[in-house]
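Numbered per the numbering used here, the sequence shown spans residues 6 to 318. A quick write-up on the structure given underneath.
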Amino acid sequence: MKPTILFMGTPEFAVPSLERLIENDYPVIGVVTQPDRPKGRGRKQLPTPVKVRALEAGIPVYEPARVRGESFLEQFRELAPDMVVLAAFGQILPKEIIDTPPLGCLNVHPSLLPRYRGAAPINWALIRGETKTGVSIMLMDEGVDSGDVLLQKEVPIEPEDTCGDLTDRLSLLGADLLLDAVKVVADGTAVPIPQDASAATFAPRLTPETGHIDWSRPAEEVANLIRGLSPVPGAYSFLRDRKLKIFFAVAGKEEASGEKAPGSIGKLVESGLQVMAGDGHVYLQDVQMEGRKRLPIDLFLRGFSLTDDDALE
C-alpha cells in the first residue's frame, strides 16, 4: 500500500515533483503552498504554480502564512500523513512537521549536498563558476539542509547555462529522483548517508545588492554573476542613473588595455556590446532598461544611442 503524502512546494521548480507523485498514483492528501501574492504591473493576486496544479488535480490546498502557527499545526495533525515531501516551499518547518510522519520528511534540494546548503543553491553554483551540480533527496532534520542524503545525481553545468536553464533541468531531474526515493523509503530499503559537515558550503538568500555588478571584478566573474541571476532577480548596473538589467553576457579572453576604467563601454561587435572589466571585457547580449522591454543588445541600441562618455556603474 502506497504511503499518504503531504506535499509542500511553491514555484515552478516544484511542479514536476508533484506531477510525478500524481502520475504514479501516490495518495497526495494535501498540498501546502505559499499564499497568493500580488504580481505584475497590475499587482494582481496570483496563485503559486504548485497551487494551480494541485487544484487541477482536485487536491486540497493549504496556504498558511506561517506553518509554525498553531492553526496550521492542528490541520497537519488531522491530516496525519505517512510522509511529507518538500520542494522549494519557502518556509522553515517546525520540528513537529519534520519528526512526526512515520516515513519522514523528504526534501528535493538542487545541489550536491553538503555543497550549497541554503536558500539559493542554483544561483550560487553558477555565480561561483562551478562546472557541475545536481540534485539531492534528503531526509530533513532541524538543521539547514543538513539531513541524511537518500539519493543524489550529478549533472554538468554547461558554459551558457543561466539560472533559468539550470532550474528547468534540475526540476525534472529532482522529480525523477524523488520518485525513486519515495519508493525505497516506502519499502524500507533506503540507505540514508550522513553528510560530511566539514565539506559544507552555503548558498545564502539573495539580496538586491547581490545583483549590482562590480565592473572592477574579473570578466569571467562578472559573466558568471549575470548568468547566475538570470532571468530573476537579474544582475544589473546603472546607465545614466537608470537601472539596466543584464540577462546574458560572455567574458572576453583578450587582456584589458588599462586605458579605460572598468565599466567603460566599447563597441558593438559580434560577441555583444563590449564593456571593460577588471581583467578583460564582458560582452552584453541581452538587456532591459528600466521601464522598457527586454531586448537583444542590437535591438536595444537601435532605440538607445550611446555617447563616448557613457559607462556602466
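Where is the CB? At the ideal position from N, CA and C, for every residue including glycine.
Cα-Cα separation, residue i to residue j
| i | j | result |
| --- | --- | --- |
| Leu78 | Gly296 | 43 Å |
| Ser116 | Thr206 | 10 Å |
| Glu147 | Pro236 | 31 Å |
| Pro40 | Thr15 | 9 Å |
| Pro164 | Thr136 | 8 Å |
| Pro199 | Leu156 | 11 Å |
| Ile102 | Ala191 | 18 Å |
| Ala228 | Leu26 | 37 Å |
| Ser141 | Lys158 | 7 Å |
| Ala256 | Val187 | 42 Å |
Assumed close pair residue i, residue j - CB separation to whole angstroms, cut-off 8 Å
| i | j | result |
| --- | --- | --- |
| Ala92 | Ala204 | Going by Cβ atoms, the distance from Ala92 to Ala204 rounds to 24 Å, so no, they are not a contact pair. |
| Pro107 | Asp201 | The Cβ separation is near 28 Å, so there is no contact. |
| Asp284 | Pro223 | 5 Å |
| Leu278 | Leu183 | Not quite, the Cβ-Cβ distance comes to about 42 Å (not below 8 Å), so this is no contact. |
| Leu152 | Met145 | Here residue 152 turns out to be Gly, not Leu, going by the sequence shown. Going by Cβ atoms, the distance from Gly152 to Met145 rounds to 5 Å, so yes, they are a contact pair. |
Nonlocal neighbours in the same chain, by C-beta distance under 7 Å from residue i, ignoring five residues either side
| i | result |
| --- | --- |
| Leu84 | Leu11, Ile34 and Gly35 |
| Pro161 | Thr136 and Lys137 |
Terminal residues of the beta strand (DSSP E) in which residue i lies
| i | result |
| --- | --- |
| Pro209 | It is not in any beta strand (DSSP E) - Pro209 carries neither H nor E in the DSSP assignment. |
| Gly277 | Gly277 to Met281 |
| Val139 | Note on identity: in this sequence residue 139 is Gly, with Val being the wrong assignment. Unbroken beta strand (DSSP E) run through Gly139: Lys137 to Leu144. |
| Asn112 | Cys110 to His114 |
| Glu159 | Val154 to Pro161 |
| Ala92 | Met88 to Ala92 |
| Ala256 | Arg247 to Ala256 |
| Gly322 | The question about residue 322 has no answer, for the chain in this structure spans 6 to 318. |
Residues near residue i in its chain [Cβ-Cβ closer than 6 Å; skip 5 each side]
| i | result |
| --- | --- |
| Met99 | Residue 99 is actually Pro in this sequence, not Met. Cβ neighbours of Pro99 beyond the five flanking positions: Arg73. |
| Gly233 | Asn128, Leu131, Ile132 and Cys168 |
Own chain, CB closer than 8 Å to residue i, minus 5 neighbours either side, in chain order
| i | result |
| --- | --- |
| Leu249 | Tyr241, Ser242, Phe243, Val292, Gln293, Met294, Glu295 and Leu317 |
| Leu311 | Ile270 |
Selected residue, minimal CA-CA separation from residue i, among the options
| i | options | result |
| --- | --- | --- |
| Lys7 | Phe252, Met13 and Asp30 | Asp30 |
| Pro213 | Glu225, Ser221 and Pro238 | Pro238 |
| Asp313 | Leu300, Val287, Arg299 and Val280 | Val280 |
| Arg210 | Ala124, Arg174 and Asp219 | Ala124 |
N-terminal and C-terminal residue of the alpha helix (DSSP H) that residue i is part of
| i | result |
| --- | --- |
| Pro301 | Here Pro301 belongs to no alpha helix (DSSP H); instead the beta strand (DSSP E) covers Arg299 to Pro301. |
| Ser242 | No alpha helix (DSSP H) holds Ser242; the beta strand (DSSP E) holding it covers Ala240 to Leu244. |
| Pro43 | Pro43 -> not in any alpha helix (DSSP H); beta strand (DSSP E) instead, spanning Arg42 to Lys44. |
| Ile231 | Ala224 to Gly233 |
| Leu182 | Cys168 to Ala191 |
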